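Under UniProt numbering, the first residue of the sequence shown is numbered 1, with each subsequent residue one higher. A virtual CB, placed ideally from N, CA and C, is assigned to each residue, including glycine. Just so it is clear, the structure is predicted and the values come from calculations on it, not from any experiment. Below is one structure, written out as structure tokens, with a few remarks after it.
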Amino acid sequence: MLRSTRSRRATAIRLCACLGLTPPILGCEAMSREPVEALSTKTTPEAVTEVQAAIAQIQGTPAPRIASNVFESSPHLLIEKGRVKGKDNVLLDGSYTDFPDQYTLQIRGTTCGLFYAKTDQFVPLTALNCEPVTKR
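So this is what it looks like as structure tokens:
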């Protein structure tokens, strides 16, 4: 009986040791598959059109105007919506508009795409060259 108890204890200790090592190994693998923020390199007019189409697809609205160097200096794009002029044709000061929508350029696995967090949508982009953002 005593021998059986020791054997069980040794087995339990080995099992705990194995389980103790497993989470970090799995954690590293899971982290490598996480989305990574990205920057665009040498953005072409075709890439700009593709980003505009992706935003229109996500929002269900006409394509917005965006800069020709979109995502080259930041992985985030803010798009303000709302009226620009009031009833008297005077420019509004911004207090009448909604919060801007934020889009993030991400790499997921080997796919570069546009991510919209409000609706958790990711649209792959093929015309855009992406590089992961490196922390400085």
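Cβ-based neighbour list, residue i, same chain, cut-off 7 Å, excluding 5 preceding and 5 following
i     : result
Ala54 : Leu114, Val123, Leu125
Ala38 : Pro75, Leu105, Gln106, Ile107, Cys112, Cys130, Glu131, Pro132, Val133
Thr44 : Ala127
Ile25 : Interpretation of Ile25 is limited by its pLDDT of 40, a score under 50 that renders its predicted location unreliable; no figure is taken from the coordinates.
Residue i, enclosing beta strand (DSSP E) - first and last residue
i      : result
Thr104 : 101-108
Leu77  : 76-79
Val123 : 121-124
Phe115 : 111-116
Where residue i sits in the DSSP three-state scheme
i      : result
Val48  : helix
Ala38  : strand
Asn129 : coil
Ile66  : coil
Expected contact under 8 Å - CB spacing of residue i and residue j to nearest Å
i      : j      : result
Ile58  : Thr119 : 7 Å
Leu128 : Ala56  : With a Cβ gap of about 16 Å, Leu128 and Ala56 do not count as contacting.
Asp101 : Ile79  : 5 Å
Leu77  : Tyr103 : 5 Å
Other residues of its chain near residue i: CB distance less than 6 Å, five sequence neighbours each side excluded
i      : result
Gln121 : Ile58
Sequence-distant residues of the same chain with beta carbon closer than 8 Å to residue i, five excluded per side
i      : result
Gly109 : Arg33
Pro64  : Gln52, Ile55, Ala56, Ile79
Val90  : none
Ser68  : Thr43, Pro45, Val48
Lys135 : none
Pro62  : Ala56
Residue(s) in a DSSP beta bridge with residue i
i     : result
Lys85 : Leu91
Check: residue i C-beta below 7 Å from any heavy atom of the ligand ADP
i     : result
Pro62 : As far as ligands go, the structure on display features none, and thus does not contain the ligand ADP.
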